[in-house]
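J.: Structure below; questions to follow.
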Amino acid sequence: MKQLFLGFLIALFISGCGYKPSSYYAKRALGDKIYADVSISRKDPRNSVLIKDAVNEAVVSRFSAKLVSKEEADSILHVKIGSISFSPIVYDIYGYVIAYKTTVVLAIEYEDANKKVEKLNVSGEYDFSIESNSVISDSNRFEAIRSAAADSLDEFVSKIAIKGLRNGNNHQ
Numbered sequence: 021m022k023q024l025f026l027g028f029l030i031a032l033f034i035s036g037c038g039y040k041p042s043s044y045y046a047k048r049a050l051g052d053k054i055y056a057d058v059s060i061s062r063k064d065p066r067n068s069v070l071i072k073d074a075v076n077e078a079v080v081s082r083f084s085a086k087l088v089s090k091e092e093a094d095s096i097l098h099v100k101i102g103s104i105s106f107s108p109i110v111y112d113i114y115g116y117v118i119a120y121k122t123t124v125v126l127a128i129e130y131e132d133a134n135k136k137v138e139k140l141n142v143s144g145e146y147d148f149s150i151e152s153n154s155v156i157s158d159s160n161r162f163e164a165i166r167s168a169a170a171d172s173l174d175e176f177v178s179k180i181a182i183k184g185l186r187n188g189n190n191h192q
């Protein structure tokens, strides 16, 4: 009986404290309909496509929003690749690189329904290992870029959520 009462008390506390995940506030700040525009780099079109896929996935999964045309959108995201880098982080006993860190920096400009434009720079990282004395394969490279881009978009969600909370977009 005590366990049931304690479980009920904990459930009541958690539900009564008003906790809302950061994606809730981010969605309130950006709206339900989002248009995402990713600039395709002429120097690196393959990575641009990976970033575009990651942005579209983030809009749907992290914001729980719909991708729509520019005319129907509550918010417009303009995403540009700032930089993509691979840095060695672990070496074997012979001095060969066996692990890399991928860093993706994105410049995101977003426009809300009130036509207010904000610019944010976000970065994400992803660590991965390779075989000793080998080069980074395309599949490793693409997976690393995709994961680092997703990490940078998580940072964007957090920053938008904080702005939404500070601006009072948390009612309802």
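Each number in this note's numbering comes from the position in the sequence shown (counting from 1) with 20 added on.
Even for Gly, the Cβ is constructed at its ideal location relative to N, Cα and C.
By a C-beta neighbour count over all protein chains shown, 10 Å radius and 16 as the cutoff for buried, is residue 114 buried or exposed?
T.: exposed
J.: What separation, rounded to the nearest whole angstrom, lies between the Cα atoms of residue 68 and residue 75?
T.: 10 Å
J.: What do you reckon, are the CB atoms on residue 184 and residue 31 nearer than 7 Å?
T.: no
J.: Give me the DSSP bridge partner(s) of residue 119.
T.: As computed with DSSP, residue 119 is found in a beta bridge with 110 and 149.
J.: Give the range of the alpha helix (DSSP H) segment to which residue 73 is assigned.
T.: 65 to 81
J.: So residue 151 packs on residue 122, CB below 8 Å; how close in whole Å?
T.: Actually they do not touch by this definition, with Cβ atoms about 17 Å apart.
J.: Below 8 Å, can you find three or more Cβ-Cβ pairs linking the stretch 147 to 161 to the stretch 129 to 136?
T.: no
J.: Express the C-alpha separation of residue 55 and residue 88 in angstroms, rounding to a whole number.
T.: 5 Å
J.: Given this structure, state the Cα-to-Cα distance separating residue 186 from residue 46, to the nearest angstrom.
T.: 11 Å
J.: My understanding is that residue 112 touches residue 104, with C-beta atoms under 8 Å, so please give their C-beta distance in whole angstroms.
T.: Actually they do not touch by this definition, with Cβ atoms about 25 Å apart.
J.: Might you give, ordered along the chain, the residues of its own chain that have their beta carbon closer than 8 Å to the beta carbon of residue 60, omitting 5 neighbours on each side?
T.: 68, 69 and 72
J.: When we look at the beta-carbon of residue 62 and count the other beta-carbons within 10 Å, is it buried (16 or more) or exposed?
T.: exposed
J.: Report back the beta-carbon spacing between residue 85 and residue 173 to the nearest angstrom; my notes put them in contact at under 8 Å.
T.: Residue 173 and residue 85 do not touch by the CB rule: their CB atoms are close to 13 Å apart, not below 8 Å.
J.: Tell me whether residue 166 is buried or exposed, calling it buried when 16 or more other Cβ atoms sit within 10 Å of its Cβ.
T.: buried
J.: Please report how far the alpha carbon of residue 139 lies from the alpha carbon of residue 182, in whole angstroms.
T.: 14 Å
J.: Whole angstroms is fine: what's the gap from residue 52's alpha carbon to residue 95's?
T.: 8 Å
J.: Roughly how many angstroms lie between the CA atoms of residue 27 and residue 40, to the nearest whole one?
T.: 20 Å
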